[in-house]
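**Q** To convert, count from 1 in the sequence shown and add 301; that's our numbering.
This is the structure I want to talk about, given as structure tokens.
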Amino acid sequence: MAFSFSNFFGTDELDQRQTTQTADNQAVSSPAGRPKPAKVVDMSGRSTASNHIALFEPRIYSDVKEIAAQLLDNQAVIVNFDKLDEQSSKRIVDFLTGAVFAISGEIKRVGETIFLCTPNNFEVTGDLSTKFDQNSSTFN
302 MAFSFSNFFG TDELDQRQTT QTADNQAVSS PAGRPKPAKV VDMSGRSTAS
352 NHIALFEPRI YSDVKEIAAQ LLDNQAVIVN FDKLDEQSSK RIVDFLTGAV
402 FAISGEIKRV GETIFLCTPN NFEVTGDLST KFDQNSSTFN
């Protein structure tokens, strides 16, 4: 085999083949140069914090701070307003709408008094709001 500077420095861009002799003296060609990198994706860097959904049933308006903190930690939140008066519920929904907007998230109504708030790393598909009678439900 002849020594070549282009092979030594790896600048030869042609797919050169080296021949090796087998036991039967047959010529077998194999690619010369660098081996191909393995196509492996490291999945250990994924955060499991985004897989949590926090459930809240606020009783007073100040509970909204804890709900917003969960959203800022990139966790989805389901809020049930059954235990709260309508006026406070509207104020909390308004606050959460602003918080969700600030983090490029989404807020969806999933029940008559239940809302789902998600940060931008969650995807919510489907629409349940058409199944509610808009005239009789709260939060209009």
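Each residue gets a CB set at the ideal place from its N, CA and C atoms; glycine is no exception.
All values derive from a computational prediction rather than experimental measurement.
Give the secondary structure of Arg392 by DSSP, where H, G and I count as helix, E and B as strand, and everything else as coil.
**A** Here Arg392 sits in helix by DSSP.
**Q** From Ile415 to Leu372, what does the alpha carbon distance come to, in whole angstroms?
**A** Spanning the two alpha carbons is a distance of roughly 16 Å.
**Q** What number of angstroms, rounded off, separates the C-alpha of Ala402 from the C-alpha of Leu417?
**A** A small fix is needed here, since residue 402 is Phe in this sequence, not Ala. Rounded to whole angstroms, Phe402 to Leu417 spans 14 Å at the Cα level.
**Q** May I ask you to report which of helix, strand or coil DSSP gives Ile354?
**A** Three-state DSSP puts Ile354 in a strand.
**Q** Mind checking whether Tyr362 and Ile408 have CB atoms under 8 Å apart?
**A** No, the pair does not count as a contact, with Cβ atoms beyond the cut-off.
**Q** Quick one: is Ser405 buried, meaning 16 or more other Cβ sit within 10 Å of its Cβ, or exposed?
**A** Label assigned to Ser405: exposed.
**Q** Which of helix, strand or coil does DSSP assign to Val365?
**A** In this structure, Val365 counts as helix in the three-state DSSP scheme.
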